[in-house]
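There are 2 protein chains.
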Amino acid sequence: MGLRTGEVARRAGVHVETLRFYERKGILPEPPRRKSGYREYPPETVELVRFVKRAQQLGFSLREIRELLSLREVPEGARARVQSLVEEKLREIEHKIRHLEAMHRALRELLHACRCTGRSARCPIIESLNGCPTCRADGDQEKSLGKKGATRLP
Amino acid sequence: MGLRTGEVARRAGVHVETLRFYERKGILPEPPRRKSGYREYPPETVELVRFVKRAQQLGFSLREIRELLSLREVPEGARARVQSLVEEKLREIEHKIRHLEAMHRALRELLHACRCTGRSARCPIIESLNGCPTCRADGDQEKSLGKKGATRLP
DNA sequence: ATAAGGCCCGTACCTTAGTACGGAGTCAAG
DNA sequence: CTTGACTCCGTACTAAGGTACGGGCCTTAT
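As given, the protein sequences belong to chains Y and G, one line each in that order. To convert, note that position 97 of the first sequence is 97 in my numbering; the numbers rise steadily by one, no gaps. To convert, note that position 141 of the second sequence is 141 in my numbering; the numbers rise steadily by one, no gaps.
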């Protein structure tokens with residue numbers, strides 16, 4: 001028993017075209033076909049698609065998500081390379097969590113104060129994401145611009 | 001002392017054009033100009049722009065960020081409306097944090113196992129974002145599709 | 001005072017992530 | 001055995017978030 005595009009799409013909460021799109025982008029593996037040409041997805045595809053949508057909401061691009069998913073099946077040989085990649089992703093996630101927590105605190109603070117204190121400066125919302133010591137490089141960002149456009153900025 | 005576009009851009013790690021773009025989108029307030037027409041930004045603009053970039057990395061759209069920023073100055077009258085908006089944002093952030101934590105656990109698990117256990121199913125990465133009880137509605141997503149395209153999906 | 005570099009503006013273009021379209025073949029219920 | 005829903009494919013379009021371009025004024029260091 002395999003699911004057809006419409007069924008997968010409905011269960012995962014996306015459009016049929018999105019499944020084809022993900023397939024083209026290498027995010028969904030090409031499923032087997034019946035002789036009519038119809039795709040027959042394994043049921044776990046639904047979870048897979050949901051994972052993609054959630055990860056997007058957390059600020060990961062499709063490229064990053066594909067990378068993340070590729071970690072499922074490691075080519076047996078290349079352990080170390082993958083391991084450091086996973087570690088990098090872990091740092092990134094920790095970073096995001098800390099930022100979100102800071103934002104959360106700021107909004108709660110705002111809910112209490114119910115207004116920014118000063119005329120202009122000292123707003124807890126903005127401060128929330130700027131007091132992060134791990135982000136405190138400043139020079140990093142300036143360097144990363146370098147001679148304008150050397151590194152892909154956003 | 002006010003900063004000019006280039007200075008703000010350099011310090012915040014974005015392009016000058018991005019500042020103009022944000023201004024058009026209502027994310028940066030229009031700064032005062034000198035008589036030459038040059039913009040003179042207050043120094044806290046740098047923090048503001050950094051906030052925007054961080055928030056984007058956390059999966060917020062510019063529209064949402066503008067909303068978030070608008071909470072800084074509440075029109076004095078509309079408290080209750082703002083308060084519920086803030087509470088909604090707080091829930092959303094908690095949600096994101098929980099998902100990221102789940103993803104983090106999954107990747108750590110993967111780092112230990114260093115391979116998905118089964119041939120195909122039972123992958124900790126994918127399971128990480130699917131076991132969330134708050135997301136467990138399923139019907140929600142199906143309904144949200146409704147009669148195809150009624151609600152803006154992604 | 002003049003040249004290099006910064007800034008102005010509008011417009012055009014780019015990438016990412018889908019959405020829509022339309023003609024043709026497939027499937028299942030009546 | 002037909003009718004309506006589903007699927008196929010390629011191609012075109014859209015929206016968001018920038019980026020680039022080019023002609024024309026500022027500014028400032030030499």
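Using N, Cα and C, we set each Cβ at its ideal position, and we do this for glycine too.
Beta-carbon proximity of residue i to residue j, cut-off 7 Å
i          : j          : result
Glu-40(G)  : Pro-29(G)  : no
Lys-25(G)  : Leu-62(G)  : yes
Ala-12(G)  : Arg-50(G)  : yes
Asn-130(Y) : Glu-109(G) : no
Met-103(Y) : Ser-128(Y) : yes
Gln-107(G) : Leu-90(Y)  : The amino acid at residue 107(G) is misidentified as Gln; the sequence shows Leu. Yes. Within cutoff.
Leu-111(G) : Leu-58(Y)  : no
Gly-6(G)   : Val-14(G)  : no
Val-82(Y)  : Ile-65(Y)  : no
Thr-45(G)  : Val-8(G)   : yes
Beta bridge counterpart(s) of residue i as assigned by DSSP
i         : result
Tyr-22(Y) : DSSP, once it has assigned bridges, lists no residue as partnering Tyr-22(Y).
Arg-39(G) : Arg-33(G)
DSSP state of residue i mapped onto helix, strand, coil
i          : result
Arg-54(G)  : helix
Leu-3(G)   : strand
Ile-27(G)  : coil
His-15(G)  : coil
Ala-9(G)   : helix
Val-49(G)  : helix
Glu-127(Y) : helix
Val-74(G)  : coil
Glu-92(G)  : helix
Glu-109(G) : helix
Glu-44(Y)  : coil
Arg-152(G) : Its pLDDT being 39, under 50, Arg-152(G) is placed unreliably in this model, and the coordinates cannot settle the point.
Ser-120(Y) : A caution first: Ser-120(Y) carries a pLDDT of 46, below 50, which makes its placement in the model too unreliable to give a value.
Terminal residues of the alpha helix (DSSP H) in which residue i lies
i         : result
Glu-67(Y) : 62-70
Item to check | Members of the region 85-115 of chain G that neighbour chain Y once the beta carbon cut-off is set at 8 Å | outcome: For the region 85-115 of chain G, which is checked against every Cβ of chain Y, the residues closer than 8 Å are Val-86, Glu-87, Lys-89, Leu-90, Ile-93, Glu-94, Lys-96, Ile-97, His-99, Leu-100, Glu-101, Met-103, His-104, Leu-107, Arg-108, Leu-110, Leu-111, Cys-114, Arg-115.
Next on the checklist: Give me the subset of the region 29-46 of chain Y whose CB atoms are less than 8 Å from a CB atom of chain G, sorted by chain position.
Outcome noted: Along the region 29-46 of chain Y, going in chain order, the ones with a CB nearer than 8 Å to a CB of chain G are Pro-42, Glu-44.
Checklist entry - Going along the region 56-73 of chain G in order, which residues come within less than 9 Å of chain Y, judged by CB to CB distance? => result Within the region 56-73 of chain G, the residues whose Cβ lies closer than 9 Å to some Cβ of chain Y are Gln-56, Gln-57, Leu-58, Gly-59, Phe-60, Leu-68, Leu-69, Leu-71, Arg-72, Glu-73, listed in chain order.
Checklist entry - In the region 1-27 of chain Y, which residues sit with their C-beta less than 9 Å from some C-beta in chain G, listed in chain order? => result For chain G, the residues of the region 1-27 of chain Y that bring a beta carbon within less than 9 Å of one of its beta carbons are Ala-9, Arg-10, Arg-11, Ala-12, Gly-13, Val-14, His-15, Thr-18, in chain order.
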